[in-house]
């Protein structure tokens with residue numbers, strides 16, 4: 066049971082580390098809830114206003130901004146950039 | 005000599021216009037006039053400030069450095085006159101500014117209904133940051149509040165006050181919330197959520213008088229009977245475009261400033277955009293009012309481009325909003341109107357569109373459970389409207405399918421039969437369209 070849970074958690078983490086946060090500018094009303102809740106203080110709103118993906122070395126893809134956005138502006142998009150090589154870590 | 009552009013109003017339409025003008029004209033002198041002593045802030049964000057989710061400082065989304073970066077002068081000044089023949093804007097402090105082109109993007113203000121006691125201290129509306137600050141300050145001492153009105157703003161006020169520990173009563177003039185946009189099940193879902201948040205709903209109840217003592221609110225009188233003692237009366241019965249400046253200048257105005265497909269008003273060099281503008285709806289050929297953030301930005305962009313000299317017609321996009329209604333993330337798209345009148349609103353509220361109230365020639369298909377609802381209006385060839393409450397997986401697909409007028413004839417029967425569930429068919433249709441630009 067525990068092993069199953071840990072395996073699922075690891076799968077989620079693997080999926081998240083190979084993703085980035087992608088905003089959709091047309092939905093953003095610039096309220097700033099995303100930036101306010103980012104544990105690392107990334108200017109998520111600035112990215113959303115500009116319609117740019119949050120490609121920031123500090124981003125943990127923790128999902129706080131995605132979950133808290135009241136307007137569904139942000140989503141995870143997978144990226145080949147962060148995918149570990151076959152057999153790698 | 006550099007051309008002079010004056011943008012009256014410091015909201016999203018003006019800033020978008022400024023950016024568009026700058027893209028076309030590197031030398032232009034651009035001035036934004038705002039009558040609030042604040043840098044640009046997120047007006048929709050006021051709801052989250054009111055509810056205590058963010059501090060005031062978080063609302064400022066476009067700091068003054070951004071104005072400087074695009075070479076825009078921001079002045080705190082109230083425009084009190086427009087002289088279209090002389091091409092001048094008159095300011096309250098006695099100064100005037102000449103322009104080659106001027107944008108009127110002054111927005112809309114909350115309607116204050118003519119009811120006894122409306123001017124008492126403690127009667128509040130939610131238009132500006134100062135309004136929100138005032139409500140937050142009052143909520144610290146208030147024990148009980150009464151909210152009247154409809155649409156999104158009434159709920160933002162009710163939920164904001166409740167979140168600050170104020171016992172909140174919400175009066176509805178008929179038997180359900182937002183009855184000309186939401187269907188009965190959607191209204192019920194919202195109302196249930198509000199009740200869970202501790203908000204007390206009073207159906208079929210009219211406010212007949214606001215009671216005061218020594219200039220302050222002490223309660224409300226109700227029809228068909230009864231009173232509620234309270235310290236705050238929050239009013240959100242709709243908004244009205246701020247057309248005074250345009251009207252006094254002799255521009256063509258109806259409910260808003262009437263603009264042509266280039267967003268030009270009826271005088272040379274004058275344009276209008278955002279909540280104040282009555283814009284042509286290409287689907288009906290009628291001029292409509294919207295109070296939607298993204299449409300204001302699009303209109304500002306189009307107006308700015310035309311002010312700078314391009315002749316580019318603006319085609320109004322599908323009105324949509326994604327917001328929280330009763331704590332549920334909700335997307336409203338296109339035409340979703342209901343035949344039941346809504347007496348809680350005069351016209352539209354903020355975050356609202358007249359077009360939503362239109363009842364399309366379409367079949368309605370619904371799906372949902374206790375926490376989510378999905379309603380899709382399926383026309384002969386296209387999906388014409390949709391409401392997505394709670395689970396938002398259908399929000400983006402529907403937005404694409406509706407705004408791009410995707411031909412759904414091939415899946416129409418499957419959508420209408422609803423045998424496979426609504427969302428899987430929408431998702432499949434969307435994927436098919438994304439792959440090939442049409443639905444197979």
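Protein chains in written order, with our numbering: chain A, 66 to 154; chain B, 5 to 444. The C-beta atom is built at its ideal place from N, Cα and C for all residues, glycine as well.
* Asked: Relative to the alpha-carbon of residue 97 of chain A, which residue among B:372, B:66, B:422 has its alpha-carbon at the smallest distance?
  -> Sequence index remark: in the first chain, residue 97 of chain A carries index 32 (1-based). Selected option, being the one with the closest Cα: B:66.
* To do: State the Cα-Cα distance for the pair residue 422 of chain B and residue 23 of chain B, rounded to the nearest angstrom.
  => Here the question's residue 422 of chain B lines up with position 418 in the second chain. Here the question's residue 23 of chain B lines up with position 19 in the second chain. Rounded to the nearest angstrom, the gap between the Cα atoms of residue 422 of chain B and residue 23 of chain B is 46 Å.
* When you compare only the Cα positions, how much space is there between residue 400 of chain B and residue 50 of chain B? -> Taking the second chain and counting its residues from 1, the one referred to as residue 400 of chain B is at position 396. Taking the second chain and counting its residues from 1, the one referred to as residue 50 of chain B is at position 46. Cα to Cα, residue 400 of chain B sits roughly 25 Å from residue 50 of chain B.
* **Same chain, Cβ closer than 7 Å to residue 149 of chain A, five either side skipped, listed in chain order** => The residue labelled residue 149 of chain A in the question sits at position 84 within the first chain. Residue placement at residue 149 of chain A is poorly supported in this model, since its pLDDT is 49, which falls under 50; the coordinates are not used for a value here.
* residue 58 of chain B versus chain A: which residues are under 8 Å apart at the beta carbon? -> Here the question's residue 58 of chain B lines up with position 54 in the second chain. Those within 8 Å of residue 58 of chain B in chain A are 96, 97, 98, 101.
* Helix, strand or coil at residue 181 of chain B according to DSSP, with G and I counted as helix -> On the second chain, residue 181 of chain B is found 177 positions in, with the first residue counted as 1. In this structure, residue 181 of chain B counts as coil in the three-state DSSP scheme.
* Contacts around residue 154 of chain A, its chain only, beta-carbon distance under 8 Å, and the 5 residues preceding and following it disregarded -> Within the first chain, numbered from 1, the residue matching residue 154 of chain A stands at position 89. Legend: pLDDT at residue 154 of chain A = 37, less than 50; position of this residue unreliable, value from coordinates given subsequently. Hits under 8 Å: none found.
* To do: Would you please verify whether the beta carbon of residue 91 of chain A is less than 8 Å from any beta carbon of chain B?
  => One-based indexing of the first chain puts residue 91 of chain A at position 26. Among the CB atoms of chain B, one or more fall inside 8 Å of the CB of residue 91 of chain A.
* Are at least three pairs of beta-carbons, each pair with one atom in the region 110 to 130 of chain A and one in the region 316 to 324 of chain B, less than 8 Å apart? -> no
* Residue range of the unbroken beta strand (DSSP E) whose run includes residue 44 of chain B -> Taking the first residue of the second chain as position 1, residue 44 of chain B is located at position 40. Looking at the DSSP string, residue 44 of chain B is not in any beta strand (DSSP E), and its letter there is neither H nor E.
* Please go through the same chain and pick out, in chain order, the residues whose beta-carbon is closer than 7 Å to the beta-carbon of residue 29 of chain B, but skip the five residues on each side of it. => One-based indexing of the second chain puts residue 29 of chain B at position 25. Closer than 7 Å at Cβ, skipping near neighbours: 7, 312.
* Taking 8 Å as the CB-CB limit, is residue 399 of chain B close to chain A? -> Residue 399 of chain B sits at position 395 when you count from the first residue of the second chain. Yes, contact with chain A.
* Where the region 34 to 58 of chain B meets chain A: residues whose CB sits under 7 Å from a CB there -> 46, 48, 49, 52, 57, 58
* Given that residue 298 of chain B touches chain A, what residues does it touch there, using C-beta distances under 9 Å? -> Here the question's residue 298 of chain B lines up with position 294 in the second chain. Near residue 298 of chain B (Cβ distances below 9 Å), the residues of chain A are 90, 91, 92, 93, 94.
* Asked: Listed from N- to C-terminal order along the chain, which residues in the region 330 to 349 of chain B have their beta-carbon within a distance smaller than 9 Å of any beta-carbon of chain A?
  -> 333, 335
* To do: Kindly list, in the order they appear in chain B, the residues whose Cβ is closer than 9 Å to that of residue 104 of chain A.
  => For this step, residue 104 of chain A is matched to residue 39 along the first chain. Result: empty, since nearest Cβ-Cβ is about 15 Å, beyond 9 Å.
* Terminal residues of the continuous alpha helix (DSSP H) containing residue 144 of chain A? -> The residue given as residue 144 of chain A occupies position 79 in the first chain. Segment: none, residue 144 of chain A is in no alpha helix (DSSP H) and carries neither H nor E.
* Report the rounded CA-to-CA distance for residue 53 of chain B versus residue 416 of chain B, giving the unit in angstroms. => One-based indexing of the second chain puts residue 53 of chain B at position 49. One-based indexing of the second chain puts residue 416 of chain B at position 412. When rounded, the distance between both Cα atoms is 43 Å.
* Asked: Which two residues bound the contiguous alpha helix (DSSP H) that contains residue 165 of chain B?
  -> Start at 1 with the first residue of the second chain, and residue 165 of chain B comes out as number 161. 155 to 167 is the span of the alpha helix (DSSP H), which, as asked, contains residue 165 of chain B.
* Cβ separation of residue 349 of chain B and residue 394 of chain B, assumed to be a contact under 8 Å, to the nearest whole Å -> Here residue 349 of chain B is taken as the residue at index 345 of the second chain, counted from 1. Here residue 394 of chain B is taken as the residue at index 390 of the second chain, counted from 1. About 23 Å separates the two Cβ atoms, so there is no contact after all.
* Asked: Is the Cβ of residue 19 of chain B closer than 8 Å to any Cβ of chain A?
  -> Taking the first residue of the second chain as 1, we reach residue 19 of chain B at position 15. Taking Cβ atoms only, chain A never reaches closer than 8 Å to residue 19 of chain B, which makes this a no.
* Interface partners of residue 328 of chain B on chain A, CB under 7 Å -> Here residue 328 of chain B corresponds to residue number 324 of the second chain, with the count starting at 1. Within 7 Å Cβ-Cβ: 135.
* To do: Taking the CB atoms as reference points, tell me whether residue 420 of chain B and residue 412 of chain B lie closer together than 8 Å.
  => Within the second chain, numbered from 1, the residue matching residue 420 of chain B stands at position 416. Within the second chain, numbered from 1, the residue matching residue 412 of chain B stands at position 408. Not in contact: residue 420 of chain B and residue 412 of chain B (Cβ atoms no closer than 8 Å).
* Residues of chain B with CB under 9 Å from residue 114 of chain A, in chain order? -> The count along the first chain starts at 1 and reaches residue 114 of chain A at position 49. Neighbours of residue 114 of chain A on chain B, chain order: 65, 66.
* To do: Give the interface partners of residue 110 of chain A over in chain B, defined as CB-CB distance under 7 Å, in chain order.
  => What you label residue 110 of chain A is simply residue 45 of the first chain in a count that begins at 1. Within chain B, the residues whose beta carbon sits less than 7 Å from that of residue 110 of chain A are 65, listed in sequence order.
* Any C-beta of chain A sitting closer than 8 Å to the C-beta of residue 303 of chain B? -> Residue mapping note: residue 303 of chain B aligns to position 299 of the second chain, counting from 1. Not an interface residue.
* Could you have a look at residue 430 of chain B and say whether DSSP puts it in helix, strand or coil? => Within the second chain, numbered from 1, the residue matching residue 430 of chain B stands at position 426. Reduced to three states, the DSSP call for residue 430 of chain B is helix.
* Asked: Using the beta-carbon count (16 or more within 10 Å), is residue 199 of chain B buried or exposed?
  -> Within the second chain, the letter at position 195 stands for residue 199 of chain B. Answer is exposed; the Cβ neighbour count stays below 16.
* Asked: Hey, residue 159 of chain B and residue 292 of chain B are a contact pair by Cβ (cut 8 Å); roughly how many whole angstroms apart?
  -> As a working mapping, residue 159 of chain B is identified with position 155 in the second chain. As a working mapping, residue 292 of chain B is identified with position 288 in the second chain. Actually they are not in contact, since the Cβ atoms of residue 159 of chain B and residue 292 of chain B sit about 23 Å apart, beyond 8 Å.
* Asked: How would you write the range of the beta strand (DSSP E) that residue 368 of chain B sits in, first residue to last?
  -> In the second chain, residue 368 of chain B corresponds to position 364, counting from 1. First-last of the beta strand (DSSP E) with residue 368 of chain B: 367 to 372.
* In or out: residue 143 of chain A buried (at least 16 other Cβ within 10 Å) or exposed? -> Here residue 143 of chain A is taken as the residue at index 78 of the first chain, counted from 1. It is exposed - the Cβ of residue 143 of chain A has fewer than 16 other Cβ atoms within 10 Å.
* Should residue 61 of chain B go down as buried or exposed, given a rule of 16 or more other Cβ atoms within 10 Å for buried? -> Start at 1 with the first residue of the second chain, and residue 61 of chain B comes out as number 57. Exposed: under 16 other Cβ atoms inside 10 Å.
* Asked: Between the region 76 to 91 of chain B and the region 238 to 257 of chain B, do at least 3 Cβ pairs fall closer than 8 Å?
  -> yes
* **Secondary structure of residue 117 of chain A, DSSP reduced to three states** => The sequence position of residue 117 of chain A within the first chain is 52, counting from 1. Taken through DSSP and simplified to helix, strand or coil, residue 117 of chain A comes out as coil.
* Which partner residues does residue 393 of chain B have in the DSSP bridge list? -> As a working note, residue 393 of chain B is residue 389 in the second chain. Paired residue(s): B:334, B:377.
* Backbone CA spacing between residue 217 of chain B and residue 124 of chain B [nearest angstrom] -> The residue labelled residue 217 of chain B in the question sits at position 213 within the second chain. The residue labelled residue 124 of chain B in the question sits at position 120 within the second chain. Cα to Cα, the separation comes out at about 9 Å.
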